[in-house]
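Student: Heads up: the sequence shown at position 125 corresponds to 159 in my numbering, and the numbers run straight through without jumps.
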Amino acid sequence: MEQVFIDYLDNFEEKMRKRLLTIASSRKALDGKLLESEDLKDYWSSIEAEYMADAVPQIASYPTVSVAWATYLGMAAAYYWDKDWASYSKTPYKDFYGSDGFDNMDDHIMCDILDIPLDSDEAKKRVSLIQTLAQEAVDTIRHEQIEPQSKMAFYAFVRSCRAMFAIGTAIELKQLGYKFEKMQ
Numbered sequence: 035m036e037q038v039f040i041d042y043l044d045n046f047e048e049k050m051r052k053r054l055l056t057i058a059s060s061r062k063a064l065d066g067k068l069l070e071s072e073d074l075k076d077y078w079s080s081i082e083a084e085y086m087a088d089a090v091p092q093i094a095s096y097p098t099v100s101v102a103w104a105t106y107l108g109m110a111a112a113y114y115w116d117k118d119w120a121s122y123s124k125t126p127y128k129d130f131y132g133s134d135g136f137d138n139m140d141d142h143i144m145c146d147i148l149d150i151p152l153d154s155d156e157a158k159k160r161v162s163l164i165q166t167l168a169q170e171a172v173d174t175i176r177h178e179q180i181e182p183q184s185k186m187a188f189y190a191f192v193r194s195c196r197a198m199f200a201i202g203t204a205i206e207l208k209q210l211g212y213k214f215e216k217m218q
């Protein structure tokens, strides 16, 4: 891949992360910092291709779903990271599927992994935030005026999903009580 292409995608992803962080922080889901872990970044890298195989066919009909589910995956991975990463770090991607596979991965993660009832205020708050983040991600891609179904469009989508996963991990890590603290 050309360096100009890579630089463009790096800048695109960074801009996407900053925008998503701003939105999540404005909704009190984050505190202006993107909590991250190398373990979780590596985990995304290990499941990214399988996720793309499921998500890319959804883009035309369900563009926000195709990026939103990456956020749910990030929350689930962060939950597992906190719980017992040695046991959960090799969790197969398909274990995040719901009863209808990819289609209801969100409900499965929310209810069965995070143990948040779908009719609860917490679930409604998270769903609303994730919908807003996903719409922002789709709008950001569209704003770039990238030719649809092009190589660049694919890579912009991949970078958007990576950013959404990172936001999901950060949201769950904050929910679990993690925070940045200044070292003395």
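All residues carry an ideal CB built from backbone N, CA and C; glycine is no exception.
Only a predicted model underlies this, so the values are computations on that prediction, with no experimental measurement involved.
Quick one: grab the DSSP three-state call for G202.
Tutor: Here G202 sits in helix by DSSP.
Student: So, is R176 buried or exposed, given that buried needs 16 or more other C-beta atoms within 10 angstroms?
Tutor: So R176 ends up on the exposed side.
Student: Three-state secondary structure (DSSP) at G108?
Tutor: Here G108 sits in helix by DSSP.
Student: Compute the distance between the beta-carbons of R160 and M144, then report whether it is under 9 Å.
Tutor: Against a cut-off of 9 Å, the Cβ pair of M144 and R160 comes out as a contact.
Student: If we call anything under 9 Å between Cβ atoms a contact, is A168 one with M198?
Tutor: Yes.
Student: Contact defined as beta carbons within less than 8 Å: I believe R193 pairs with F39. What is the distance between those atoms, to the nearest angstrom?
Tutor: With 8 Å as the limit, R193 and F39 do not qualify as a contact, their Cβ atoms being about 12 Å apart.
Student: Measuring CB to CB, does V101 end up less than 9 Å from V172?
Tutor: Yes, they are a contact pair.
Student: Which residues in the same chain as Y113 place their Cβ atom closer than 8 Å to its Cβ, once the five residues preceding and following it in sequence are excluded?
Tutor: I147, L148, E206, L210.
Student: State the beta-bridge partners of G135 as determined by DSSP.
Tutor: G132, per the DSSP bridge assignment.
Student: For the pair the region 116-133 and the region 67-83, tell me if three or more CB-CB distances fall below 8 Å.
Tutor: Segments in contact, yes.
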